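Same order as they appear, the protein sequences are chains V and F. Okay, so the first sequence: first residue is 738 according to the numbering used here, each after it adds one. Okay, so the second sequence: first residue is 738 according to the numbering used here, each after it adds one. Taking it in order: structure first as structure tokens, then the write-up.
There are 2 protein chains.
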Amino acid sequence: MPAAQPPASPERTRPVCPTPASPAPEAVNSARGKGRPRSAAADRAILDATREALSELGWGGLTMGHVASRAGVAKTTLYRRWPSKNELVVDAVATLFDDLVMPDLGSLRADIEAVVAQFAGLLARPETQAALLALFAEGIRDRQLHRRIREAIVDPQKRLVRQGRAAAQARGELEADLDTESAHEEVDIIFDTIAGTVEHRVLVSGEPITPEWTRRFTDLLLGPLTTC
Amino acid sequence: MPAAQPPASPERTRPVCPTPASPAPEAVNSARGKGRPRSAAADRAILDATREALSELGWGGLTMGHVASRAGVAKTTLYRRWPSKNELVVDAVATLFDDLVMPDLGSLRADIEAVVAQFAGLLARPETQAALLALFAEGIRDRQLHRRIREAIVDPQKRLVRQGRAAAQARGELEADLDTESAHEEVDIIFDTIAGTVEHRVLVSGEPITPEWTRRFTDLLLGPLTTC
DNA sequence: CTGCTTTCGCTACGAGTCGTAGCGTAACTG
DNA sequence: CAGTTACGCTACGACTCGTAGCGAAAGCAG
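Here is the structure:
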């Protein structure tokens with residue numbers, strides 16, 4: 738995969754990758770406005786093409802040249818923005834998770850079921866399926882990529898768990914936290930359980946998330962949390 | 738990734754891949770013993786080399802030529818046995834799951850914690866981490882690979898859940914199943930929860946499985962199952 | 001309008017992998 | 001023994017990777 742890399746990149750002329758995570762929405766050339774600005778349309782076309790190619794060809798089949806030609810862009814333009822396939826795919830996929838929100842429907846059960854349904858809807862899309870697992874797989878080896886995944890995808894989701902717990906505590910459905918240490922671990926365990934179970938059901942077992950399944954799964958989650 | 742494939746393989750001269758899942762343990766040339774038998778030592782060397790390369794280089798970095806030279810074997814020998822990287826890696830990894838057993842320690846809690854600990858031990862190994870996620874990722878696109886994964890990895894694990902439930906029912910800790918349909922779904926949901934959560938914690942969140950974590954997670958699982 | 005700067009698309013390149021074919025040789029069977 | 005199959009080796013065409021160099025386009029400061 739590394740292929741060539743002769744002088745190991747002497748020094749970049751420009752920061753490269755102007756979209757660290759969430760760039761300025763409509764700022765074509767927000768910062769230093771010296772020369773010709775980068776085409777925002779090209780950015781969008783590239784990210785769209787990446788998602789499409791990803792769902793059709795998978796991670797291994799995704800080719801920089803293919804993405805470039807599909808986006809109507811030169812391959813060099815791709816490399817001017819993203820240093821590697823990893824970074825490109827993270828950016829292309831992370832935006833999909835922006836839609837996840839904590840609804841606050843008035844009961845813990847309803848909130849959980851709503852979040853599970855949202856997450857399931859996201860995972861039902863082929864582009865998310867191929868992208869997520871491929872990213873996780875690469876993240877095992879690449880520490881920097883792993884950090885980017887956590888920042889762009891995992892942490893925003895954990896925030897949802899915290900919000901849901903806080904709302905339930907405000908309603909009196911959950912006891913208040915005794916210490917922050919224990920609360921932190923509780924959030925972690927709930928997050929891993931929800932995300933892991935839904936992902937495993939969809940991506941590994943290959944079965945759909947039905948309302949009936951969501952209900953039973955929520956039963957499992959609520960067991961020790963509610964008053965016995 | 739597909740690279741060349743000129744006449745699309747006219748017709749194979751031999752069945753290829755003599756190890757569909759669990760080959761004859763020590764039969765060097767169990768079936769038709771006509772010509773020179775395939776070297777069992779080569780088989781072992783190749784699978785070992787695959788696991789090593791996988792943990793060092795990951796899926797994308799794993800190269801057939803690299804595996805061949807590391808195993809002290811010609812690249813052609815590799816292709817004589819496995820038609821592609823996918824099949825090779827499945828075979829190399831599936832054996833790791835053979836060690837999982839349902840202990841029957843006398844209580845549902847102890848059984849669950851033991852299985853979680855076993856699974857966590859397996860996932861702590863770098864070769865399993867890289868291999869499992871990479872396999873799942875490829876399985877999204879490749880239906881045949883997905884079937885092989887289910888047969889070689891997923892189904893054996895589901896069997897553990899059934900055994901654990903049966904033991905708990907025999908002890909009176911769990912009610913007997915009302916109908917097989919509902920029992921089947923119950924097994925699925927429990928399996929996805931255990932496997933998915935442990936995998937997500939280790940592979941995505943990147944945190945270790947401690948005894949303390951296992952205890953809290955088991956609390957979560959046992960909530961609605963035990964008498965309230 | 002005139003430079004200056006930066007991006008653009010294009011082409012070409014060396015390095016590297018893929019999976020196959022052909023060869024002579026080794027190993028085992030009847 | 002002959003017959004059959006697996007082995008290691010080399011070479012091959014097709015493909016991807018990431019980079020470099022070119023001329024042209026697009027904006028900005030004077």
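All residues carry an ideal CB built from backbone N, CA and C; glycine is no exception. A quick note: this is a predicted structure, and the numbers were derived from the prediction, not measured.
Assumed close pair residue i, residue j - CB separation to whole angstroms, cut-off 8 Å
i	j	result
Phe834/V	Ile890/V	5 Å
Thr787/F	Leu845/F	Rounded, the Cβ-Cβ distance is 37 Å, inconsistent with contact.
Ala790/F	Val810/F	Rounded, the Cβ-Cβ distance is 13 Å, inconsistent with contact.
Val830/V	Leu869/V	7 Å
Gly960/F	Gly909/V	About 19 Å separates the two Cβ atoms, so there is no contact after all.
Contact set for residue i: own chain, Cβ-Cβ below 7 Å, skip 5 residues either direction
i	result
Asp956/F	none
Met801/V	Lys812, Leu815, Lys822
Ile698/V	This structure leaves residue 698/V out entirely; chain V is present only between 738 and 965.
Residue i burial status per 10 Å Cβ neighbour count (16 or more: buried)
i	result
Asp828/F	buried
Arg952/F	exposed
Arg884/V	exposed
Leu872/F	buried
Asp848/V	buried
Glu850/F	buried
His921/F	exposed
Leu958/V	buried
Arg818/F	buried
Gly797/V	buried
Glu936/F	buried
Leu915/V	exposed
Cys965/F	At Cys965/F, the pLDDT of 41 sits below 50, so the modelled position is not reliable; the number obtained from the coordinates is stated separately. Cys965/F comes out exposed.
Residues of its chain near residue i, where Cβ-Cβ distance is below 6 Å and the 5 sequence neighbours each way are ignored
i	result
Met839/V	Leu897, Gln900, Gly901
Pro863/V	Ser792
Closest Cα partner of residue i within the set the options
i	options	result
Asp892/F	Leu842/F, Ile946/F, Arg781/F, Asp925/F	Asp925/F
Ala808/F	Glu944/F, Asp879/F, Ala905/F, Arg781/F	Arg781/F
Asp836/F	Gln894/F, Ala867/F, Arg775/F	Gln894/F
Asp929/V	Gly933/F, Phe928/F, Ile927/F	Gly933/F
Leu940/V	Ala867/V, Asp841/V, Ala777/V, Arg818/V	Ala867/V
Leu882/V	Ala778/F, Pro820/F, Ser776/F, Gly943/F	Gly943/F
Ser792/F	Lys771/V, Arg878/V, Ala779/V	Arg878/V
Glu949/V	Val935/F, Glu923/F, Leu915/F, Arg818/F	Glu923/F
Thr865/V	Gly798/V, Thr832/V, Arg880/V	Thr832/V
Phe954/V	Glu918/V, Ser806/V, Ala857/V	Ala857/V
Leu842/F	Ala779/F, Thr917/F, Ala904/F, Lys771/F	Ala904/F
Same chain, Cβ closer than 8 Å to residue i, five either side skipped, listed in chain order
i	result
Ile886/F	Val827, Leu872, Phe873, Gly876
Ala861/F	Val939, Pro945, Ile946
Val852/F	Leu837, Met839, Pro840, Leu897, Gly901, Ile931
Ala913/V	Gln906
Gln855/F	Asp836, Leu837, Val838
Leu859/V	Leu833, Phe834, Asp836, Leu837, Thr865
Leu911/V	Leu845, Arg902, Ala905, Leu962
Thr917/V	none
Leu799/F	Thr787, Ala790, Leu791, Lys822, Val826
Residue i Cβ short of 7 Å to the ligand SAH heavy atom set
i	result
Val826/F	For the structure depicted, the ligand SAH is absent and the ligand set is empty, with no information on it obtainable.
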